[in-house]
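Q: First the structure, then my questions, so here it is.
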Amino acid sequence: MSPLLLSASDSLHCSLSSPPSPELNVGDSASDAYSPPYYPAPKGGWLPNWAEAYEKAHKIVSNMTLAEKVNLTTGTGYFMGPCAGQTGSAWRVGIPNLCLHDSPLGVRNSDHNTAFPAGITVGATFDKKLMYDRGVGLGEEARGKGINVLLGPTVGPIGRKPRGGRNWEGFGADPSLQAIGGSLTIKGMQSTGAIASLKHFIGNEQEMHRMSTVVTQGYSSNIDDRTLHELYLWPFAESVRAGAGSVMIAYNDVNRSACSQNSKLINGILKDELGFQGFVVTDWLAQIGGVSSALAGLDMEMPGDGAVPLLGDSYWGSELSRSVLNRTVPVDRLNDMVTRIVATWYKMGQDKDYPLPNFSGNTLDEKGLLYPGALFSPVGIVNQYVNVQGKHDITARAIARDAITLLKNEDSILPLRRNDSLKIFGTDAGPNPDGLNSCTDRGCNRGVLTMGWGSGTSRLPYLITPQEAIANISSNAEFHITDTFPPNVSPSPQDTAVVFINADSGENYITVDGNPGDRTTAGLNAWHNGDDLVKAAAEKFSQVVVVVHTVGPILMEKWIDLDSVKAVLVAHLPGQEAGWSLTDILFGDYSPSGHMPYTIPRSESDYPSSVGLLQQPFGQIQDTFTEGLYIDYRHFLKNNVTPRYPFGHGLSYTTFSFSAPSLSKVTPIDSVYPPARPPKGSTPTYPTTIPAPSEVAWPKHFNRIWRYLYPYLDNPEGAAANTTKKYPYPDGYTTVPKPAPRAGGAEGGNPALWDVDFSVKVKVTNTGTRNGRAVVQLYVQLPTTLGVDTPSRQLRQFEKTKTLAPGESEDLTLEITRKDISIWDVAMQDWKAPVNGEGVTIWLGQSVADMRVRRPNSAAEHFIDAITPGHSPLPSNMQGFNMGRYVPPDQEGLTTGNRLAGKHPLGARARHLHTTGALVVRFEMPFAVWCTTCKPHETLIGQGVRFNAEKKKIGNYHSTPIYSFRMKHSACGGWIEIHTDPKNTAYVVTEGGRKRDTGEEKELGLGEIAIKLRGEEGDETRNDPLARLEGKVEDKRRAETEQSRIFELQRRQNRDWEDPYEQSRRLRRGFRAERKTLESAEAKREALKDKMSLGIDLVDETEEDRLRAGLVDFGPVGEPPVRVRPMFQSAVSTPKMMAAASGSRGGKRPKTAHLRAERKAMFRSSLTNNTRAVVDPFLSQDINTWQPEAKRRKTGLNKPADASKETESTETNQSSSTGSDAPSQKASTSDQNKPGASTALVTYTSDSDSG
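Position one of the sequence shown corresponds to residue 222 (the numbering used here), numbered consecutively onward.
Here it is as structure tokens:
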């Protein structure tokens, strides 16, 4: 039976009427662009590493109905589920709806997710581990949300057009950087079970006019075969080799054939040459034909709608069921489509407890419409708010930090000190005033720029802005979150201005500030008058630091050379950790280690005219890639254009040296072309019988959702019986398989292409004073013997060191594969390499212009002897002095003839530099020397005699190098060595001779050591000018530190008192506080006077009063009085006092004055006996405390009784005359002999008195 027409919906299929050709052809004009047919679509499953997954898929697909097969290939429609797109299901065999969702930097339009830095930021890290770790994080969050296919990573566009809107989604403007970033991301993502969808295949380098609709046709990217393979296909091939499960087709045409139905691209290159085993899916609404796309190799279409969404029709769905029933699309093709999808599902292990979607990309509400695109939709729980962030913020911050690229750092102004006086300018430093996620898909440029706009974005779970992070670290930062320079800013000489600017772009369906995705209005300039803000700050401040957040190249010429602009940091698109990552670098917690993933030009005219944006009102735009391989840095090198900052450029707070380079051959290249590819394995086979029409009939009592896309037909039997017309298949269509392409053989191509041919090792040493990381970039230069024009340098590998401490080293190994040194042979349709790598030159450096190590690959040459620091490219009108050596035109201004020839500028004099570090110089004897080697007598070598000497640095005295000069005495053949002596500003003979003694000074003999006595160090400092100089340096540093502190104090004082109102307010506040204190004190004094009935003025309490009062401690209330004898008290009492104490009524009535004195004495005694004087060490509350005996006169020991009475009478009279403060009569002489008796503590008994 003849093939039949599919349906009217297939009228937009691509007609390929040009004569067939084995390769893509651009021709002399756009009208000659042509993409040859390639049919039939190769089947998947012929590779061993996919065999198990395909075997499982074969069992499932064999039991599936036609409706179930169509369900898995077709989306359910726009807004017909929780994800950006979802297929139908095959629950009968255990396969659910497959969820496909954005984005390459995080889960789009969701909650509790991580907003990772964008791809361009990841590329700037040049860190393979971080690339992989980010992929793992993306995969874990996709799995946690129930996403089967995460739409990323992006390796197309590559950045051909600097104004391109979505360049920031990729990793950089180089195929190898894109390839390494993409492949490592895929490996990380798919290690979690999520399927990666590599995009956009291919040539989608401009946003405007990319899509074909019912009224327009997308532009055609006209790319020649070699450029396609060596540039744009390169990252796709590496990513397919990494095991990508899905590839997304781009919107645009390639060589006048739509990517979604370009059989040469999908069948010929992707599936056959690159051996892709996964499934091919369209970009959203990119499909423009049904049968044509199915035959061209498309496996899944998204979101399912036809030319106009939300009308309930589709190019596939029920129409694909019809086309299979009427045999327009072979059953074999449908079976392969479904098998590829199911095999990928099994390959990633999604048959084992993989979660279903638990979120909605349509709303953040917990409950909502299950099918928002339907006119009437059921309602249910759509968001379960599953937190999938884990510890991914650590990875996000590390990427954002390690990507920050230091372009300029004059006077080492960075890092800033935490106490520096800072003035911050620019809205890019602050938050979005409308709210964190107020702009749909980031479709605005307000606040700090964290990512571009479009479907490649993610909601921010939180955002640490630079303003917040800086304020958290510095108390001396003043913020002006405005893009207009404030007129009232008055900087001091110590102030540093930090100016934030940005440049944005995104996807075409959103226009921001007049830019429809591509930077049409803004160009390559900073947004929001950023250039004017920088210039205004530079006029006011003597120190300006510029921080740039940008999606791609940005012009800096208006301000980059201003004297005040000391430093420039490019922070790219940092995601949620924008603030912390920046302050990590800004304040020196980490040294910057990012490198530019694209070139910064001096002018947009530096680029070729063919990479400009194209617009035209009618007809299809023909975008012919006439620049070929020469984009970005390749173009600048070829045309001898000096950029502002070259590709790969990036400074550090420390310095690094490359040394000990070596190259070893691993796998010899013994033929121009790779060995023959391995044959294809077997693929799954199915019956070719047409399914029964009943398999796509509507089930009975089925509840339809309007606009939901189903595989069912109203009249399946009628569709199967349609035989009225033949389908107009494209020219070249056949069902006979083509021979396997010689360039294929495995995922990515011929496996021999990835044989490691050369291994390069280099030692990287941190020669600075700070910790830091270095990036080694490896570039290759291919020989002219290959017969084609090639770029002078092409990045092929890179490695990054760990964090190296000062003086620490690390050996890095970089491997070069056969493909790395090959070109695409258009005639042979295979990769061609020079045998044994003959003529290939290998360069190592930290940027494309910083080539520190060069290795021409030939038998007679080795690595150059000198490892020199990198040099910036010379201006285009200058050529370095090249000792007469030839410099090719494409290298003029970038290198010298000596470098190209692998020679040192000093020639044979530098032959020992790389081994012993010695340089041959002409040395003149500074004084007469006796040669001690000459026999039988020593020979005198006169002053001024010249020798060829080996000069070598052997040490330092302070910061002055010490050199040795070793020379051969031709008379005897002996060696004489002389060292410089910076300390004594002299020369010293150390070997083979001795200085002639003229008697002018006494020098130390051989082996003698000068011994310093203590105290002579000061003399050394006074007499040694170098030591004094070193001391002055330390004094200067200390003065700078102290001066900054003084300035800071002055600044604070000026800040506090510069406002008259504030000054007055502070003074009045102080006066009020002082007045309240005085009033309170006065009130206390008046209260005390009233309480004590005092009629005198009380003076203020002094510190002495407080000390004295602190020595007095009153006993507790109610405690019996403790009678303690005070110092200087008489030991006896008068009879009158004794009588008064006993209450005797005898004697005369006391006088009034005497009673008054007595009462006063009693009151004083009571007060004294109830207090403890802390300062008196002889007083104690314990009456049993030991007391020393009173000193007694010797003559009183044997006195008669009457003498004792006489003595007692005398003492009593004396006591009466001194007052009545003595205690009771108990203290008489009769008690003095009792142990423990209390006696007057005036005198003490001594050993000499006790005899």
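Just so you know, even glycine gets a beta-carbon here, dropped at the ideal spot from N, CA and C. Quick caveat, the model's predicted, so the values are computed rather than measured.
#1: Could you compute how far the alpha carbon of T335 sits from the alpha carbon of E428?
#2: R680: buried (16+ other C-beta within 10 angstroms of its C-beta) or exposed?
#3: Among residues of its own chain, excluding the 5 on either side of Y683, which ones have a beta-carbon nearer than 8 Å to its beta-carbon?
#4: Quick one: is P524 buried, meaning 16 or more other Cβ sit within 10 Å of its Cβ, or exposed?
#5: Going by DSSP in three states, P882 sits in which element: helix, strand or coil?
#6: Please name the residue or residues paired with K1021 in a DSSP beta bridge.
#7: Less than 6 Å between C-beta atoms, sequence neighbours within five positions excluded: which residues of the same chain meet that for P1356?
#8: So, under 8 Å CB-CB, F1019 and Q998 are touching, yes? Tell me the CB distance rounded to an integer number of Å.
#9: State the Cα-Cα distance for the pair I1037 and G993, rounded to the nearest angstrom.
#10: Report back the beta-carbon spacing between N583 and P263 to the nearest angstrom; my notes put them in contact at under 8 Å.
#11: Under the rule that 16 or more other beta-carbon atoms within 10 Å means buried, what is V768, buried or exposed?
#12: Run through DSSP, which three-state label would Q307 get?
#13: Identify whether Q1015 lies in helix, strand or coil by the three-state DSSP scheme.
#14: In whole angstroms, what separates the C-alpha of K350 from that of E276?
#15: Please determine, among G511, I1317 and M558, the residue with the shortest C-alpha to C-alpha distance to P905.
#16: Less than 9 Å between the beta carbons of T375 and L794, yes or no?
#17: When the Cα atoms are used, what is the spatial distance from M432 to V502?
#18: Taking 8 Å as the cut-off, does the region 645-660 touch the region 706-719 (at least 3 CB pairs, one atom from each stretch)?
#19: Give a yes or no on whether the C-beta atoms belonging to L506 and V461 are separated by under 9 Å.
#20: Suppose contacts are defined by Cβ-Cβ distances below 9 Å. Is A517 in contact with S481 by that definition?
#21: What residue from K280, C320 and T1373 has the CA that sits closest to G1492's CA?
#22: Which term fits E1300, buried or exposed, when burial requires 16 or more other beta carbons within 10 angstroms of its beta carbon?
#23: Between the Cα of E1307 and the Cα atoms of L1319, Q498, V1056 and A788, which residue gives the shortest distance?
#24: Would you kindly report the start and end of the unbroken beta strand (DSSP E) that includes F422?
#25: When the Cα atoms are used, what is the spatial distance from R1385 to A1378?
#26: Taking A1207 as part of the beta strand (DSSP E), name the residues at either end of that continuous run.
#27: Looking at the structure shown, is G315 part of a helix, part of a strand, or coil, going by DSSP?
#28: State the Cα-Cα distance for the pair G939 and G527, rounded to the nearest angstrom.
#29: Which residue or residues does DSSP assign as beta-bridge partners of F497?
#30: Residues in the same chain with beta-carbon distance under 6 Å from S1478, minus the five sequence neighbours each way, listed in chain order, please.
#31: If the criterion is Cβ atoms closer than 9 Å, does the pair Y851 and T820 meet it?
#32: If you drop the 5 nearest sequence neighbours on each side, which residues of the same chain put their C-beta closer than 7 Å to that of D632?
#33: Since G1163 and A1149 are thought to touch, with beta carbons under 8 Å apart, how far apart are those beta carbons, to the nearest angstrom?
#34: If we count Cβ pairs, one from each stretch, closer than 8 Å, do we get three or more for the region 1036-1050 versus the region 886-905?
#35: Rounded to whole angstroms, what's the CA-CA distance from Q977 to V887? Just pull it up for me.
#36: Does the Cβ of F839 have 16 or more other Cβ atoms within 10 Å, making it buried, or fewer, making it exposed?
A: Taking the definition as stated:
#1: For this step, residue 335 is matched to residue 114 along the sequence shown. For this step, residue 428 is matched to residue 207 along the sequence shown. If I take the Cα positions, the gap works out to 27 Å.
#2: For this step, residue 680 is matched to residue 459 along the sequence shown. Answer is buried; the Cβ neighbour count reaches 16.
#3: Locating residue 683 in the sequence shown gives position 462, counting from the first residue. Excluding positions up to five away in sequence, the list reads L657 and Q797.
#4: By one-based count along the sequence shown, residue 524 stands at place 303. Classification for P524: buried.
#5: Your numbering for residue 882 matches position 661 in the sequence shown. DSSP places P882 in strand when its eight states are reduced to three.
#6: The sequence position of residue 1021 within the sequence shown is 800, counting from 1. BP columns for K1021 point to V996.
#7: In the sequence shown, the residue the question calls residue 1356 occupies position 1135. Its pLDDT being 47, under 50, P1356 is placed unreliably by the model, and nothing is read from it.
#8: The count along the sequence shown starts at 1 and reaches residue 1019 at position 798. The count along the sequence shown starts at 1 and reaches residue 998 at position 777. With 8 Å as the limit, F1019 and Q998 qualify as a contact, their Cβ atoms being about 5 Å apart.
#9: For this step, residue 1037 is matched to residue 816 along the sequence shown. For this step, residue 993 is matched to residue 772 along the sequence shown. Computed Cα separation, rounded: 26 Å.
#10: Translated into the one-based positions of the sequence shown, residue 583 becomes position 362. Translated into the one-based positions of the sequence shown, residue 263 becomes position 42. Actually they do not touch by this definition, with Cβ atoms about 37 Å apart.
#11: Against the sequence shown, residue 768 aligns to sequence position 547. The residue in question, V768, is buried, as its Cβ has 16 or more Cβ neighbours within 10 Å.
#12: As a first step, residue 307 must be located in the sequence shown, where it is residue number 86. Strand.
#13: Here residue 1015 refers to the residue found at position 794 of the sequence shown. It is a strand residue.
#14: Start at 1 with the first residue of the sequence shown, and residue 350 comes out as number 129. Start at 1 with the first residue of the sequence shown, and residue 276 comes out as number 55. Rounded to the nearest angstrom, the two C-alpha atoms are 34 Å apart.
#15: In the sequence shown, residue 905 corresponds to position 684, counting from 1. That would be M558, whose Cα lies nearest to the Cα of P905.
#16: Here the question's residue 375 lines up with position 154 in the sequence shown. Here the question's residue 794 lines up with position 573 in the sequence shown. Cβ atoms of T375 and L794: not closer than 9 Å.
#17: Numbered from its first residue, the sequence shown carries residue 432 at position 211. Numbered from its first residue, the sequence shown carries residue 502 at position 281. Cα to Cα, the separation comes out at about 16 Å.
#18: yes
#19: The sequence position of residue 506 within the sequence shown is 285, counting from 1. The sequence position of residue 461 within the sequence shown is 240, counting from 1. No, the Cβ-Cβ distance between L506 and V461 is not below 9 Å.
#20: Within the sequence shown, residue 517 is the residue found at index 296, counting from 1. Within the sequence shown, residue 481 is the residue found at index 260, counting from 1. The answer is yes: Cβ separation under 9 Å.
#21: Outside the displayed range of the chain (222 to 1472) lies residue 1492, so it cannot be described from this structure.
#22: As a position in the sequence shown, residue 1300 is number 1079, starting the count at 1. So E1300 ends up on the exposed side.
#23: In the sequence shown, counting from the first residue as 1, residue 1307 sits at position 1086. For E1307, the nearest C-alpha among the options comes from L1319.
#24: Translated into positions along the sequence shown, residue 422 becomes position 201. Start and end: I416 to F422.
#25: On the sequence shown, residue 1385 is found 1164 positions in, with the first residue counted as 1. On the sequence shown, residue 1378 is found 1157 positions in, with the first residue counted as 1. One C-alpha to the other measures close to 11 Å.
#26: To locate residue 1207, count along the sequence shown from 1; it is residue 986. A1207 -> beta strand (DSSP E) spans A1207 to E1212.
#27: Against the sequence shown, residue 315 aligns to sequence position 94. It is coil, neither helix nor strand.
#28: Here residue 939 corresponds to residue number 718 of the sequence shown, with the count starting at 1. Here residue 527 corresponds to residue number 306 of the sequence shown, with the count starting at 1. Near 23 Å, if we compare the C-alpha coordinates of G527 and G939.
#29: Along the sequence shown, one-based indexing puts residue 497 at 276. Answer is none; F497 lacks a bridge partner.
#30: Absent from the structure is residue 1478, since the part of the chain shown begins at 222 and ends at 1472.
#31: Along the sequence shown, read from residue 1 onward, the residue named residue 851 stands at position 630. Along the sequence shown, read from residue 1 onward, the residue named residue 820 stands at position 599. Against a cut-off of 9 Å, the Cβ pair of T820 and Y851 comes out as no contact.
#32: By one-based count along the sequence shown, residue 632 stands at place 411. Cβ within range, chain order: K787.
#33: For this step, residue 1163 is matched to residue 942 along the sequence shown. For this step, residue 1149 is matched to residue 928 along the sequence shown. That pair is a contact at about 5 Å.
#34: yes
#35: On the sequence shown, position 756 is the one that residue 977 refers to. On the sequence shown, position 666 is the one that residue 887 refers to. In the sequence as presented, Gln is not what sits at residue 977; that position holds Val. Straight-line Cα distance between these residues: approximately 6 Å.
#36: Translated into the one-based positions of the sequence shown, residue 839 becomes position 618. It counts as exposed.
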